[in-house]
Amino acid sequence: MSFQIPRGTQDILPGEAEKWQYIEQMARDICRRYNYQEIRTPIFEHTELFLRSVGDTTDIVQKEMYTFEDRGGRSITLRPEGTAAVVRSFVENKMYGNPNQPVKLYYMGPMFRYERPQAGRFRQFVQFGVEALGSSDPAIDAEVIALAMELYHSLGLKKLKLVMNSLGDAPSRKAHRQALIDHFKGRISEFCEDCQSRLEKNPMRILDCKKDRDHELMETAPSILDYLNDESRLYFEKVQLYLTKLGIAFEVDPRLVRGLDYYNHTAFEIMSEAEGFGAITTLCGGGRYNGLVQEIGGPETPGIGFALSIERLLAALAAEGITLPVAQGIDCFIVALGEKAKDESVILVNKLRQSGMKVERDYQDRKVKAQLKAADRLESAYVAILGDDELEKQVIAIKNMATGEQTEVSLHSFVQYMKTAVESK
RNA sequence: GCGGCUAUGGCGAAGUGGUUAACGCACCAGAUUGUGGCUCUGGCAUUCGUGGGUUCGAUUCCCACUAGUCGCCCCA
204 MSFQIPRGTQ
214 DILPGEAEKW
224 QYIEQMARDI
234 CRRYNYQEIR
244 TPIFEHTELF
254 LRSVGDTTDI
264 VQKEMYTFED
274 RGGRSITLRP
284 EGTAAVVRSF
294 VENKMYGNPN
304 QPVKLYYMGP
314 MFRYERPQAG
324 RFRQFVQFGV
334 EALGSSDPAI
344 DAEVIALAME
354 LYHSLGLKKL
364 KLVMNSLGDA
374 PSRKAHRQAL
384 IDHFKGRISE
394 FCEDCQSRLE
404 KNPMRILDCK
414 KDRDHELMET
424 APSILDYLND
434 ESRLYFEKVQ
444 LYLTKLGIAF
454 EVDPRLVRGL
464 DYYNHTAFEI
474 MSEAEGFGAI
484 TTLCGGGRYN
494 GLVQEIGGPE
504 TPGIGFALSI
514 ERLLAALAAE
524 GITLPVAQGI
534 DCFIVALGEK
544 AKDESVILVN
554 KLRQSGMKVE
564 RDYQDRKVKA
574 QLKAADRLES
584 AYVAILGDDE
594 LEKQVIAIKN
604 MATGEQTEVS
614 LHSFVQYMKT
624 AVESK
């Protein structure tokens, strides 16, 4: 074997690609109805953008970025997530000056993270995400979450869990942070190495630790929810109220901490609860990032968004045994026998296609039997057979593959006959 | 970045330190010289991920590499 695909990447082959198209189409249609517009940004950005936005203490920045120097000596990074670039573009193109606020955007495309591949984890994966910039109305938080849920529901997923938390605003976080440090400080030596280093850098993440989750101090640790100031608390309550009014079930998990530094207030994850899904169950993650636009050099602008992986969405569909209604099969297969008939079939195939039908023929010089077999394999609804006999009479035989019935129609009425047959099917 | 398991034809899968590598599916041909889905017959891996080692001999034993897979960390 001379070449193989790079680790953690995948070819999406025919048969599978149709599912992607179906999902993408569904996502676009939902965005249209929610009035989110597509934005396409480059696949790479200046490294500095991600250091600033994602946060240089995060795992993404510390060990997962595809960073390289280009020929001009610039440090370039393949985007590990979508929000940074959208915000960069928002600022660079002065979308904050757009009279239509908030600016509601969506994107779909590959992201890159240098990781060990695993079930549901790839080095190149596709994210669909939305960002709403310019509003701090809790209704937009609920709208963004509803949009994600609608996509999953419209594809038939049922076994989902929406988990919510509020990370609060800056003063709330600061107070909570201090409370956490005070809580763990005395006995931090009883915790894992990671947690020990988290104590000063980001004590909130200790709560998220899988290793030490049973430690008694975890139970009694101060919850962010108790440290939210009035403004933050009311905001979170309003988001929950709206979700409830929308009939979207959720649970509040005060331990939910998102991996990127830029989040505040609303944080949420949508997870699959399907049996045998594997270790990674997060389908979608998102939250509010009110300081990010300013961090990137724009005016103070609130924002909220989410990102979800199409790969994991497909895995969730598979886990729930859902088959997407992707069209398969063709309308007509033209079997041609003999040189003259083959010459004629070139034209007939073209005519059918131009009138909207999905049509195929033989290009392998196969015998009748094999051509019929090929038609069967392609799940063709009809087969049209043209040989010397038919050519002489200026007719063509049409066989309904489901019933086996066969009739002859004149060549000049062939296209019209096929059209009505296919449409009435 | 760390650990477990795996690597045989287009796919699934058995197998043994020794001159012919099961089987199933798919595919091709024929039985049916102009008609598919069923049946029958035949065909289809100078070769067992790559490289090296042990051995008289390795697909089978050992090592490395690569890849897949599952898990840890973390995330989408």
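Using the working numbering, you'd call the opening residue of the first sequence number 204 and step up by one each time. Virtual Cβ for every residue (Gly too), placed ideally from N, Cα, C. Keep in mind it's a predicted model, so treat the numbers as computed, not measured.
Quiz prompt | residue 626 to residue 516 span [Cα, whole Å] | solution = 33 Å
Self-check item: Boundaries (first-last residue) of the alpha helix (DSSP H) holding residue 253
Solution: 250-257
Quiz prompt | Residue environment, residue 293, which counts as buried when at least 16 other CB atoms sit within 10 Å | solution = buried
Quiz item: Is the region 522-535 close to the region 356-371, with three or more CB pairs under 8 Å?
Solution: yes
Self-check item: 6 Å CB neighbourhood of residue 149 in its chain, flanking five on each side removed
Solution: Because the chain is modelled from 204 through 628, residue 149 falls outside the range shown and cannot be assessed.
Quiz item: Can you name the start and end residues of the beta strand (DSSP E) that residue 307 belongs to?
Solution: 306-315
Self-check item: Under the three-state DSSP convention, the category residue 269 falls into
Solution: strand
Quiz prompt | Beta-carbon contacts of residue 629 that lie in its chain and below 6 Å, excluding the five residues immediately before and after | solution = This structure does not reach residue 629, given that the chain is present from 204 up to 628, and the question cannot be answered.
Quiz item: Okay, do the region 345-354 and the region 393-407 touch, 3+ Cβ pairs below 8 Å being the bar?
Solution: no
Quiz item: So is residue 538 buried or exposed if we call it buried at 16+ other beta carbons inside 10 Å?
Solution: buried
Quiz item: Can you give the Cα-Cα distance for residue 439 and residue 287, rounded to whole angstroms?
Solution: 24 Å
Quiz prompt | Contact check, residue 535 vs residue 605, beta carbons under 8 Å | solution = no
Exercise. Taking only the alpha-carbon atoms, compute the straight-line gap between residue 235 and residue 600 and give it to the nearest angstrom.
Key: 46 Å
Practice problem: Please determine if the region 482-501 and the region 537-555 are in contact, where contact requires at least 3 C-beta pairs separated by less than 8 Å. | Solution: no
Practice problem: Determine contact between the region 247-261 and the region 304-312, defined as no fewer than three beta-carbon pairs at a distance below 8 Å. | Solution: no
Quiz item: So what's residue 334 in DSSP terms, helix, strand or just coil?
Solution: strand
Quiz item: Buried or exposed: where does residue 518 fall if 16 or more other Cβ atoms within 10 Å of its Cβ makes it buried?
Solution: buried
Practice problem: Could you have a look at residue 542 and say whether DSSP puts it in helix, strand or coil? | Solution: helix
Quiz item: Just the Cα atoms here: how many angstroms apart are residue 325 and residue 268?
Solution: 13 Å
Quiz item: Residue range of the beta strand (DSSP E) that residue 512 falls in?
Solution: 506-512
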